[in-house]
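Following: one structure in structure tokens, then a few remarks.
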């Protein structure tokens, strides 16, 4: 069994692999780390490129593109390791980025998952949107991070250089115990992409495990590598998945009031889109709600499980 498997899920990301994979290899080259690229049925020449220029890298080719969640679930079933590192292809790692996280997790068996500090590749002095200094969730179920609230990103002045428990670890770079990943069902494939890591961390926390952030490891993330940062499809996924996540994980005494408030908030957002003439975004909200309602029976079954 490998100690750590760094697993990069790739979809049409040849350019990212060319740019960022060399440093992953350089800074992960030790006796207990394996690097794997899981290709999610890319239509570019990613696999051919890897075989030619990185023959030492193990490649897993998924038969279809089932999204971020299914892509990782399918690949990780084929990897025998104590820890997985789910790493986006558009991430630049730094020297000594693995060891501090693994040392922290080795020292406390109750830590199920963790993340390093995520800074912006394009603006390295600022935190990056998808994780920053650790993820949290507010009373209405909206995710946020230390270092980022909505679209506002803070400059890193070492204000979050403390190792501490968080609510969720970013899927851009999430360290997780392999045994717990499989025992708790992995990522929810019905999410396809977006918020599946928050749902997964929430499930782990519901079972008494901890999610941690450590500033002793730093990476730089491009962000928006698969979908543009402003996208009606991304809005659809975020709204649908957020509501499914709340129905799955909220305590019984508040799940209905919170869901009602969120659906009202979504309606207000839809009204604003209509006033602004953003028809695609308006339809995204409508479709997200329709699909959420359609999936309520299945989601409640997952909640009971």
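In the working numbering, the protein residues as written are 18 to 322.
We put the beta carbon where it would ideally sit given N, CA and C, even for glycine.
Everything numeric in this text was worked out from a predicted model, so none of it was measured.
Check, Outcome
"I need the boundaries of the alpha helix (DSSP H) containing residue 199, first residue and last residue.", "195-200"
"Take the Cβ of residue 290 as the centre, count every other Cβ of all protein chains shown within 10 Å, and call the residue buried at 16 or more, exposed below.", "buried"
"Excluding the 5 residues preceding and the 5 following residue 109 in the sequence, name in chain order all residues of the same chain whose CB lies nearer than 7 Å to its CB.", "37, 40, 138, 236 and 237"
"From residue 268 to residue 225, what distance separates their C-alpha atoms?", "14 Å"
"Can you grab the Cα-Cα spacing for the pair residue 123 / residue 299, in whole Å?", "47 Å"
"Could you give the first and the last residue of the continuous alpha helix (DSSP H) run that contains residue 267?", "No alpha helix (DSSP H) contains residue 267, which DSSP labels as neither H nor E."
"Provide the residue(s) that pair with residue 1 in DSSP beta bridges, ordered along the chain.", "Here the chain covers residues 18 to 322 and nothing more, so residue 1 does not appear."
"Taking C-beta to C-beta, are residue 67 and residue 74 nearer than 8 Å?", "yes"
"Sorted by chain position, which residues of the same chain lie with C-beta nearer than 8 Å to residue 296's C-beta, five sequence neighbours on each side aside?", "290"
"Roughly how many whole angstroms lie between the Cα atoms of residue 178 and residue 147?", "18 Å"
"Find out if the Cβ-Cβ distance for the pair residue 263, residue 198 is shorter than 8 Å.", "no"
"Which residue from 279, 54 and 84 puts its Cα closest to that of residue 155?", "279"
"Sort 282, 169, 79 and 166 by Cα distance to residue 28 and report the nearest one.", "79"
"Going by DSSP, what residue range makes up the beta strand (DSSP E) through residue 26?", "19-27"
"According to DSSP, is residue 157 part of a helix, a strand, or is it coil?", "coil"
"Counting C-beta neighbours from all protein chains within 10 Å, is the total for residue 18 16 or more, i.e. buried, or is it exposed?", "exposed"
"In whole angstroms, give me the CA-to-CA distance for residue 261 and residue 69.", "42 Å"
"Taking 8 Å as the threshold, find out whether the region 117-135 comes into contact with the region 179-192 through three or more Cβ pairs.", "yes"
"Mapping the DSSP letters down to three states, classify residue 316 as helix, strand or coil.", "helix"
"Look up residue 181 in the DSSP assignment and give the residues it is bridged to.", "230"
"Between the Cα of residue 180 and the Cα atoms of 132, 173, 215 and 218, which residue gives the shortest distance?", "132"
"Suppose you measure from the CA of residue 185 to the CA of residue 64; what does that come to, to the nearest Å?", "32 Å"
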